[in-house]
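Right, one structure below, let's go through it.
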Amino acid sequence: PSSVWYTKQWPEQKWVELVRSLPPEQHVFYIGAPTPGDYSMCERISRASGRGEVVIEELLSPLASAALMEGAVMNYVNDSAPLHIASAMNAPVTAVFCSTVPAFGFGPLRANGRVVETSEELDCRPCGLHGYKACPKGHFKCAWGVEVVPDSAGSSRMAN
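The structure is reproduced here in structure tokens:
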């Protein structure tokens, strides 16, 4: 759920909402990079949602990480490295775009891959090719505007 670029990260509270909206029979894994910030973010989301197991990439080989993603019912990712891994494996993926846009050419490659982003027209979006350490406008509406909506089947989708 993290990224080197803060403005490419969907806020932690949104990840918690998403995890809570998933069917209880679905297993939830958080795959984080072996950095203290990544690990602690995964831990906080897991604790706050009451669900999931944190998996740190250093404990898995790159191929094992890719295989875990390939076998998932759905991979929810930011516009970051896990999106590209899921695409390489033709794995099911829903990509959250905050400050960047799929028009840059980095969206899911899978035919049924999904992109979710704010529906609000923001004159500041995209604010850059790679993102920033903070929102240049100070409001981060591009991330806060992406909503999680439970559907009638008990799973969840993220609304555009």
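Numbered according to this note's numbering, the sequence shown spans residues 11 to 170.
The C-beta atom is built at its ideal place from N, Cα and C for all residues, glycine as well.
Could you give the residue range of the beta strand (DSSP E) that holds residue i?
| i | result |
| --- | --- |
| E63 | E63 to I66 |
How would you call residue i, buried or exposed, if buried means at least 16 neighbouring beta carbons within 10 angstroms?
| i | result |
| --- | --- |
| F107 | buried |
| C145 | buried |
| C134 | exposed |
Along the alpha helix (DSSP H) that carries residue i, what are the first and last residues, could you check?
| i | result |
| --- | --- |
| V5 | Since the displayed the chain opens at 11 and closes at 170, residue 5 lies outside it and no answer follows. |
| E27 | E22 to S31 |
Throw me the rounded Cβ distance for the residue i and residue j pair, which I believe falls under 8 angstroms.
| i | j | result |
| --- | --- | --- |
| S97 | P118 | 6 angstroms |
| W25 | I55 | 5 angstroms |
| E53 | V64 | 6 angstroms |
| N88 | P11 | 7 angstroms |
| G141 | K18 | 4 angstroms |
Tell me, please, whether the CB atom of residue i is closer than 9 angstroms to any CB atom in chain B?
| i | result |
| --- | --- |
| C145 | Structure shown: chain B not included; a single protein chain is present. |
Runs of alpha helix (DSSP H) lying entirely within the segment 36–122, each at least 4 residues, in chain order: Listed in chain order, the alpha helix (DSSP H) runs fully inside the segment 36–122 are 46–59, 72–80 and 91–98, counting runs of at least 4 residues.
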